[in-house]
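In our numbering, the protein residues as written are 145 to 326.
The block underneath contains the structure these notes are about, expressed in C-alpha cells.
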Ligand SMILES: [Fe+2]
C-alpha cells in the first residue's frame, strides 16, 4: 500500500484562514534521517498554526462519523515559509505524535513529497514513492514513516490538516473509501 491517498474532498476554507490563526510551534526537524543533507539544499522549518475554536470545530464537523468513531482529529494549519534558496527542502523526518493526516492544500504548486525506507544497516534512506499535491487538492498521508518535501523557491506552502495521533493510515483510508471520498 502506498503511504498516501488522493481524496475527492474540498477544503471548508481558503488560504485567508491563516490571517485568523496564531503561531503555535516552529519545528526544524533535526532527525537521524536528515543528518547528511547535501550542501545544495536549504532546510526550511515548518510552522504549525492554531485555529480559533470556532474554525477548528467547523473543520472537524466535516469529518464523516465513521472516522470520528476511530478518533476525533485535531484541525490546524501547517505552513512552510517562502525561502529565497535554489533548493529549499523540508528534510526527511517522521512527524512527532502524529500517525496520519488529511491535508487540504490551500497554497501549493509543484512541490513533491517523497517517501523513504530507512535502511538500518547502512543508515541511509531509499526513496519508495512520491506525489505532487496541487492547490485545492486533498490527500491523506502517512506521517509515521520517513518523508520529505522538495519545496519551490520563494513559494509559501499552506495546509489545513486534520491530524490523527492514534488511528493508523490504514484505518483512516479504509473509512474514507467506505464513505466514498476516494
Ligand atoms: Fe511531516
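Idealized CB from N, CA, C, for every residue including glycine.
The structure displayed is predicted, hence computed values, not measured ones.
On the criterion of 16 or more Cβ atoms from any shown chain inside 10 Å, does residue i qualify as buried, or is it exposed?
i           : result
residue 209 : exposed
residue 282 : buried
residue 240 : exposed
residue 167 : exposed
residue 216 : exposed
residue 268 : exposed
residue 245 : buried
residue 205 : exposed
residue 189 : exposed
residue 297 : exposed
Just to confirm the assignment, what range does the beta strand (DSSP E) spanning residue i have?
i           : result
residue 282 : 282 to 286
residue 244 : 244 to 251
residue 276 : 268 to 276
residue 263 : 256 to 263
residue 309 : No beta strand (DSSP E) holds residue 309; DSSP gives it neither H nor E.
residue 150 : 148 to 151
residue 326 : Careful: residue 326 lies outside any beta strand (DSSP E) and carries neither H nor E.
residue 238 : Careful: residue 238 lies outside any beta strand (DSSP E) and carries neither H nor E.
How far does the alpha helix (DSSP H) with residue i in it reach, from first residue to last?
i           : result
residue 212 : 209 to 214
residue 320 : 313 to 322
Pull up the CB-CB distance for residue i and residue j, whole angstroms please, since I reckon it's below 8 Å.
i           : j           : result
residue 330 : residue 193 : Coverage of the chain is limited to positions 145 through 326, which leaves residue 330 absent and any answer about it impossible.
residue 221 : residue 302 : 6 Å
residue 291 : residue 257 : 6 Å
residue 249 : residue 279 : 6 Å
residue 219 : residue 304 : 7 Å
Okay, do the stretch 228 to 235 and the stretch 183 to 202 touch, 3+ Cβ pairs below 8 Å being the bar? Touching, yes, given that three or more Cβ pairs across the two stretches are closer than 8 Å.
Give a yes or no on contact between the stretch 310 to 318 and the stretch 276 to 291, applying the rule of three or more CB pairs nearer than 8 Å. Cβ pair count under 8 Å is three or more, so yes.
To test your reading of the DSSP string, which unbroken alpha helix (DSSP H) runs of 4 or more residues are found completely within the stretch 165 to 232? Those alpha helix (DSSP H) runs which fall completely within the stretch 165 to 232 and span 4+ residues are 197 to 205, 209 to 214.
Closer than 8 Å is the cut-off here; do at least three beta carbon pairs connect the stretch 156 to 165 with the stretch 317 to 326? No, the stretch 156 to 165 does not touch the stretch 317 to 326.
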